[in-house]
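**Student:** The numbering of the sequence shown is our numbering, which starts it at 20 and goes up by one.
The C-beta atom is built at its ideal place from N, Cα and C for all residues, glycine as well.
Predicted, not measured: the structure shown is a model, and the values here were computed from it.
Mind looking over this structure? Questions follow.
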Amino acid sequence: MRAAIAVLLLLVIGVAAAMYLAELGGTVQIQVGDAWIGTSFPIALLLLALGFLVLHGILVAIGALRRLPRRLREKRALRRRADGDAAVTRALIALAAGTAEAARLEVRKARQHLGDTPQTLLLAAEAERLSGREDAAAEAFRTLAEREDARFLGLRGLLRQAMQRGDWEAAQALAREAETIQPGAAWLREERAELALRTHDWREALALSAPETPKPVLALAAAAQEPDATKAAELERQAFQLDKGFAPAAIAHAQRLREGGSPRRARAVLEEAWAAAPHPDLAEAYLVDEPDVLMRVKAVEQLIRRNPEAAESRLLLARIALAAGLTGRARAALDALVASGEADRRAYLLLAELEEAEHGETAEARAAQARWLRQAAAASPEPAWRCAHCGTEQPRWTPVCTSCGTVGQIAWTSPARPAMPAASAA
Ligand SMILES: [Zn+2]
C-alpha cells in the first residue's frame with residue numbers, strides 16, 4: 020500500500036515536471052566550430068535519457084560476456100560433482116553387493132570426477148581390499164592417514180590390516196596413534212581389547228574388559244605378569260572375589276596371604292573356595308603346612324564342613340583318612356560316593372587300595388581289588404583342566420590354551436562321554 024502511494028506520488032511529480040518543462044519551453048544549443056545543433060529543451064532531455072539507456076545496455080552486455088567463462092566452468096564443475104556423486108553411490112552399492120571389480124571401476128570414476136577426498140580414498144581402499152589387493156588398499160589408507168581431516172579413518176584401516184595379517188606390534192603402534200586422535204572411541208576400545216588378548220597383555224585386556232573373556236581369568240593372568248607385589252596381590256584378590264569357584268585364583272590369593280603372615284585368612288579363603296567349587300588343588304594348598312596324618316584328617320573335616328556330601332569332599336576325606344590308616348572312615352566315605360552315582364575312576368582306584376589296606380595280601384582282598392579295578396576301567400575318568408574350545412587337556416591351568424591359543428577357556432571339566440553307538444547310528 021505504501022509502495023503504491025510512493026509510485027503514485029512519483030508519477031504525479033514526473034507528470035507535473037514534464038508539464039512544467041513543456042510550459043517552460045526553451046532550446047538547447049551546441050556549437051562546435053561552424054557546426055551548430057539546436058533543439059528544444061524537452062527533446063534534448065529525451066535524447067539524453069535515451070543515450071543513458073543505450074550506454075547501460077552496452078555495459079551490461081560486456082559484463083555478461085566477461086562472466087561467461089566462469090559460469091561455464093561452474094556448470095562443468097557442478098556436472099562433474101553430480102557424476103562423481105553418482106559414481107560414489109554406484110561404488111557403495113557394488114561394495115555392498117561384494118562385486119569387487121565393479122566397485123573398483125566406479126571408485127576410479129568417482130576419483131576422476133571428485134579427486135582424492137576422504138570419501139573416495141576410503142572407498143578406494145575398501146574396493147581394493149574386497150578384490151584382495153591389500154598393498155593398494157594400504158596405499159589408500161596411508162594417503163588418508165596423511166590428511167589432517169581423515170587421519171583416524173586411515174589409521175583405522177591400517178590397524179585392521181595389521182591385525183588381519185597378525186602384525187601385532189604394528190597394530191599396537193597404530194592403535195596408540197589412533198587413540199591420541201580419537202580418545203575413547205568405542206570401536207578402538209574393542210580392537211585394543213582384542214589386541215591385548217592377542218599380545219597377552221592381560222592388564223590392558225582387563226582394563227578394557229575384553230569381550231567374551233572371563234574377568235577372573237584376566238585378573239589372575241595380569242597378577243602373574245605384575246612385577247609389583249602389592250598390585251599383584253590386589254589383582255589376585257579381585258580374581259577371587261569375581262569368582263570364588265575359580266580354584267587357581269583362590270590358591271594364588273591364599274598363598275599370598277599365607278606368605279604375608281595371615282595363614283588363618285589363607286585357610287578361610289580356601290574354605291570359601293571349596294564351598295563354591297571343590298577342587299583337589301585347593302585341598303593340597305590347604306594341607307601344605309600340615310605334615311601329621313591325623314591332623315590332616317581334622318583339617319580336611321574343617322575344609323569340607325560346608326559341603327561334606329560333594330563328590331570331591333567325600334573323595335578327599337577318603338584319601339586322607341586312608342593315608343592316616345582310618346580305613347573305616349575311608350570306606351564310609353567311598354561307599355557313600357559310589358552310592359551317589361558320582362564316583363569316577365579315582366574312587367574305584369581308592370577302593371582297590373583300601374581293600375589291600377584292610378585285608379592285606381589275602382586271596383579275598385585280591386579278588387575284591389580286581390573287581391574294583393575292573394570298575395575303575397569302566398568308570399568315567401577324573402576331571403581335568405581342559406580347553407572348552409578345542410578339548411585339549413592341560414597339565415595345569417593357564418590363561419591361554421597351549422593348543423588353540425584361545426584365551427580364558429580352560430576349565431576343570433570331565434571329558435565328554437563318548438556317544439552311545441545306537442545314538443550315533445541313528
Ligand atoms: Zn584350545
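#1: Ligand 1 heavy atoms versus the CB of histidine 219: any closer than 7 angstroms?
#2: Below 8 angstroms between beta carbons: does that hold for glutamine 180 and glutamate 209?
#3: Since tryptophan 55 sits in a beta bridge, which residues does DSSP pair it with?
#4: With a threshold of 16 other CB atoms inside 10 Å of the CB of cysteine 406, please say whether the residue is buried or exposed.
#5: Identify which residue in Leu237, Ala403, Cys423, Ser422 has its Cα closest to the Cα of proline 414.
#6: Comparing the CB of histidine 408 with every heavy atom of ligand 1, is any distance shorter than 7 angstroms?
#7: Compute the Euclidean distance between the alpha carbons of leucine 446 and glycine 70, then round it to the nearest angstrom.
#8: Let me know the secondary structure DSSP gives threonine 432 once reduced to three states.
#9: Using a Cβ-based criterion (distance less than 7 angstroms to any ligand heavy atom), does serine 448 qualify as near ligand 1?
#10: By Cβ distance below 7 angstroms, which residues in the same chain neighbour arginine 21 in space, the five residues on each side in sequence not counted?
#11: Can you tell me where the beta strand (DSSP E) holding tryptophan 206 begins and where it ends?
#12: The beta strand (DSSP E) with arginine 405 in it runs from where to where?
#13: Could you check what DSSP says for valine 236 in three-state terms: helix, strand or coil?
#14: Could you tell me if histidine 75 is buried or exposed, where buried requires 16 or more neighbouring beta carbons within 10 angstroms of its beta carbon?
#15: In the DSSP assignment, what residue or residues form a beta bridge with glutamine 394?
#16: Between Asp300, Ala285, Arg350, Pro400, which has its C-alpha nearest phenylalanine 265's C-alpha?
#17: Please work out which residues of its chain come closer than 6 angstroms, Cβ to Cβ, to alanine 190, disregarding the five sequence neighbours upstream and downstream, and give them in chain order.
#18: Is threonine 118 close to ligand 1? I mean its beta-carbon at under 7 angstroms from any heavy atom of the ligand.
#19: In this structure, how does DSSP classify glutamine 413 when only helix, strand and coil are distinguished?
#20: Is there at least one non-hydrogen atom of ligand 1 closer than 7 angstroms to the beta-carbon of threonine 232?
#21: Buried or exposed for cysteine 423, please, with buried defined as at least 16 other CB atoms from any protein chain shown within 10 angstroms of its CB.
#22: One question on the structure: do alanine 196 and leucine 174 come within less than 8 angstroms of each other, judged by their Cβ atoms?
#23: Which term fits aspartate 220, buried or exposed, when burial requires 16 or more other beta carbons within 10 angstroms of its beta carbon?
#24: Check whether the Cβ atoms of isoleucine 339 and arginine 364 lie closer than 8 angstroms to each other.
#25: Counting only runs of 4+ residues fully inside the region 281-358, write out the alpha helix (DSSP H) ranges in chain order.
#26: Cβ of threonine 425 versus every heavy atom of ligand 1: is any distance shorter than 7 angstroms?
#27: Spell out the partners DSSP gives valine 426 in its beta bridges.
#28: Can you tell me which of Thr417, Gly410, Cys420 puts its alpha carbon nearest to the alpha carbon of threonine 432?
#29: If alanine 352 and alanine 371 are in contact, beta carbons under 8 angstroms, what's the gap, nearest whole angstrom?
#30: Which one of Thr136, Leu313, Gly103, Ala23 has the shortest CA to CA distance from glutamate 125?
#31: Pop quiz: arginine 325 and alanine 294 are said to be a contact at Cβ under 8 angstroms. What is the actual Cβ separation, rounded to whole angstroms?
#32: Taking 8 angstroms as the CB-CB limit, is glycine 44 close to chain C?
#33: CB-CB under 7 angstroms to glutamate 198, same chain, minus the five flanking residues each way: which ones, in chain order?
#34: By how many angstroms is the C-alpha of glutamate 245 removed from the C-alpha of glutamate 223?
**Tutor:** A quick look at the data gives this:
#1: Locating residue 219 in the sequence shown gives position 200, counting from the first residue. No; taking the cut-off as 7 angstroms, the Cβ of histidine 219 has no heavy atom of ligand 1 nearer than that.
#2: Translated into positions along the sequence shown, residue 180 becomes position 161. Translated into positions along the sequence shown, residue 209 becomes position 190. No.
#3: As a working mapping, residue 55 is identified with position 36 in the sequence shown. DSSP lists Gln50 as partners of tryptophan 55.
#4: Within the sequence shown, the letter at position 387 stands for residue 406. Cysteine 406 is buried by the Cβ-count criterion.
#5: Within the sequence shown, numbered from 1, the residue matching residue 414 stands at position 395. Closest option to proline 414, Cα to Cα, is Ala403.
#6: Along the sequence shown, one-based indexing puts residue 408 at 389. For ligand 1, at least one heavy atom lies less than 7 angstroms from the Cβ of histidine 408.
#7: Because residue 446 is not part of the residues shown, which for the chain are 20 to 445, the question remains open.
#8: In the sequence shown, counting from the first residue as 1, residue 432 sits at position 413. The answer is strand: DSSP assigns threonine 432 an E or B state.
#9: In the structure displayed, the chain extends from 20 to 445; residue 448 sits before or after that span and is not available.
#10: Counted from its first residue, the sequence shown places residue 21 at position 2. Once the five neighbours on either side are set aside, arginine 21 has no close Cβ partner at all.
#11: Sequence index remark: in the sequence shown, residue 206 carries index 187 (1-based). Taken as a continuous stretch (DSSP letters only), tryptophan 206 belongs to no beta strand (DSSP E), being part of the alpha helix (DSSP H) at 205-217.
#12: Here residue 405 is taken as the residue at index 386 of the sequence shown, counted from 1. Arginine 405 -> beta strand (DSSP E) spans 403-406.
#13: Taking the first residue of the sequence shown as position 1, residue 236 is located at position 217. Note: valine 236 maps to helix in three-state DSSP.
#14: Against the sequence shown, residue 75 aligns to sequence position 56. By the 10 Å Cβ count, histidine 75 comes out exposed.
#15: Residue 394 sits at position 375 when you count from the first residue of the sequence shown. Looking at the DSSP assignment, glutamine 394 forms no beta bridge with any residue, so it has no partner.
#16: Here residue 265 is taken as the residue at index 246 of the sequence shown, counted from 1. Nearest of Asp300, Ala285, Arg350, Pro400 to phenylalanine 265, Cα basis: Asp300.
#17: Here the question's residue 190 lines up with position 171 in the sequence shown. Leu178, Ala181, Met182, Leu214.
#18: Here residue 118 refers to the residue found at position 99 when the sequence shown is read from its first residue. Checking every heavy atom of ligand 1 against the Cβ of threonine 118, none is found closer than 7 angstroms.
#19: To locate residue 413, count along the sequence shown from 1; it is residue 394. In this structure, glutamine 413 counts as strand in the three-state DSSP scheme.
#20: In the sequence shown, counting from the first residue as 1, residue 232 sits at position 213. Checking the Cβ of threonine 232 against ligand 1 gives no.
#21: In the sequence shown, residue 423 corresponds to position 404, counting from 1. Exposed: under 16 other Cβ atoms inside 10 Å.
#22: Translated into positions along the sequence shown, residue 196 becomes position 177. Translated into positions along the sequence shown, residue 174 becomes position 155. A small correction: the amino acid at residue 196 is glutamate; alanine does not occupy that position in the sequence shown. Cβ distance < 8 angstroms, so glutamate 196 and leucine 174 count as in contact.
#23: Position 201 of the sequence shown holds residue 220. Per the 10 Å Cβ criterion, buried.
#24: Taking the sequence shown and counting its residues from 1, one reaches residue 339 at position 320. Taking the sequence shown and counting its residues from 1, one reaches residue 364 at position 345. Contact: no.
#25: 282-295, 299-305, 312-322, 330-342
#26: Your numbering for residue 425 matches position 406 in the sequence shown. Flag set: Cβ of threonine 425 near ligand 1.
#27: Position 407 of the sequence shown holds residue 426. Val419, per the DSSP bridge assignment.
#28: Taking the first residue of the sequence shown as position 1, residue 432 is located at position 413. Measuring from the Cα of threonine 432, the nearest candidate turns out to be Gly410.
#29: Start at 1 with the first residue of the sequence shown, and residue 352 comes out as number 333. Start at 1 with the first residue of the sequence shown, and residue 371 comes out as number 352. Actually they do not touch by this definition, with Cβ atoms about 15 angstroms apart.
#30: Your numbering for residue 125 matches position 106 in the sequence shown. Comparing Cα positions, the closest option is Gly103.
#31: Taking the sequence shown and counting its residues from 1, the one referred to as residue 325 is at position 306. Taking the sequence shown and counting its residues from 1, the one referred to as residue 294 is at position 275. Sure, about 4 angstroms apart at Cβ, within 8 angstroms.
#32: The question asks about chain C, but that chain is absent: this structure has only one protein chain.
#33: For the purposes of this step, residue 198 is taken as residue 179 along the sequence shown, with counting starting at 1. Excluding residues within five positions, the ones whose Cβ falls inside 7 angstroms are Leu207.
#34: Position 204 of the sequence shown, counted from the first residue, corresponds to residue 223. Position 226 of the sequence shown, counted from the first residue, corresponds to residue 245. Whole-angstrom Cα-Cα distance: 12 angstroms.
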